[in-house]
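Heads up: the structure comes next, in structure tokens.
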Amino acid sequence: DQQVKQNSPSLSVQEGRISILNCDYTNSMFDYFLWYKKYPAEGPTFLISISSIKDKNEDGRFTVFLNKSAKHLSLHIVPSQPGDSAVYFCAAPAYSGGGADGLTFGKGTHLIIQP
Amino acid sequence: DVKVTQSSRYLVKRTGEKVFLECVQDMDHENMFWYRQDPGLGLRLIYFSYDVKMKEKGDIPEGYSVSREKKERFSLILESASTNQTSMYLCASTSGGMGHGYTFGSGTRLTVV
Chain L
1 DQQVKQNSPS LSVQEGRISI LNCDYTNSMF DYFLWYKKYP AEGPTFLISI SSIKDKNEDG
61 RFTVFLNKSA KHLSLHIVPS QPGDSAVYFC AAPAYSGGGA DGLTFGKGTH LIIQP
Chain S
1 DVKVTQSSRY LVKRTGEKVF LECVQDMDHE NMFWYRQDPG LGLRLIYFSY DVKMKEKGDI
61 PEGYSVSREK KERFSLILES ASTNQTSMYL CASTSGGMGH GYTFGSGTRL TVV
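So the sequence lines, in the order shown, correspond to chains L and S.
Per this note's numbering, the first sequence starts with residue 1, numbered consecutively.
Per this note's numbering, the second sequence starts with residue 1, numbered consecutively.
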């Protein structure tokens with residue numbers, strides 16, 4: 001049973017506009033969420049995270065929003081740039097306690113930025 | 001700069017071969033992980049390790065084993081490679097805090113023929 005779900009396999013956005021990537025989760029025990037970005041033939045790189053005690057975290061062009069009651073989080077990228085074209089993964093620690101037991105990942109959303 | 005190095009970027013092996021994938025990190029991290037990434041399936045955890053000589057099964061350990069003889073090195077072993085193990089294999093490490101997540105290697109694209 002998939003505990004972290006990214007229901008959009010791909011998303012196409014025009015350069016300069018806002019990209020919104022969505023993620024849903026089923027396990028109410030998750031207390032931390034992370035977003036990773038992955039280019040082809042490279043490993044994922046950490047992008048931004050959010051603790052469950054917050055509802056928003058911002059880092060430059062990237063903002064993550066968390067709605068605990070809906071078990072939903074989203075990543076906003078403003079403005080979108082060509083280098084943002086990549087696969088984005090949402091993840092949560094498999095068990096509480098800092099992620100030492102592994103991260104559970106969604107299936108990913110392929111973001112394509114159109115010129 | 002924090003680094004996780006996977007020894008091979010691309011590998012082609014025959015069915016039935018024993019395959020070793022090596023991963024080394026230079027950050028003195030206690031925790032290391034092996035994932036595989038397949039299209040439409042995301043990243044799935046194979047094995048992980050808390051410390052030297054410690055290992056724990058992840059979500060899909062069947063057909064794999066691991067070895068951690070030194071803190072900086074975590075090896076994934078395919079005992080008898082099969083075509084359904086053709087995949088991108090990713091090694092990661094962390095100190096345990098979630099502030100910066102995991103650091104991943106560049107991956108090994110394994111093809112079993």
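All C-beta atoms, glycine included, are put in the ideal place defined by N, C-alpha and C.
Predicted, not measured: the structure shown is a model, and the values here were computed from it.
Cβ-based contacts, 7 Å cut-off: residues of the stretch 18-40 of chain S near chain L
ASN31, PHE33, GLY40
Determine the direct distance from the alpha carbon of THR94 of chain S to that of SER74 of chain L, and round the result to whole angstroms.
24 Å
Own chain residues within Cβ distance below 6 Å of ILE20 of chain L, not counting five before or after
Cβ neighbours of ILE20 of chain L beyond the five flanking positions: SER74, HIS76.
At least one CB of chain L closer than 8 Å to the CB of PHE74 of chain S: is that the case?
Chain L contact via Cβ: absent.
Please name the residue, chosen from S:TYR35, S:MET54, S:THR86, that lies closest to GLY116 of chain L on a Cα-to-Cα basis.
No answer is possible for residue 116 of chain L: the residues shown for chain L start at 1 and end at 115.
Using a threshold of 8 Å, state whether the C-beta atoms of GLN6 of chain L and THR104 of chain L are closer than that.
Not a contact, by the Cβ cut-off of 8 Å.
For ASN58 of chain L, would you say it is in contact with chain S, using Cβ-to-Cβ distances shorter than 8 Å as the test?
According to the sequence as given, residue 58 of chain L is Glu; it is not Asn. False, the Cβ-Cβ gap to chain S never drops below 8 Å.
First through last residue of the beta strand (DSSP E) which encompasses MET54 of chain S:
No beta strand (DSSP E) holds MET54 of chain S; DSSP gives it neither H nor E.
Taking DSSP as the reference, what is the three-state secondary structure of GLN14 of chain L?
strand
Taking DSSP as the reference, what is the three-state secondary structure of ASN84 of chain S?
helix
Ordered along the chain, which non-local residues of its own chain (more than five positions away) have a Cβ less than 6 Å from that of THR63 of chain L?
HIS76
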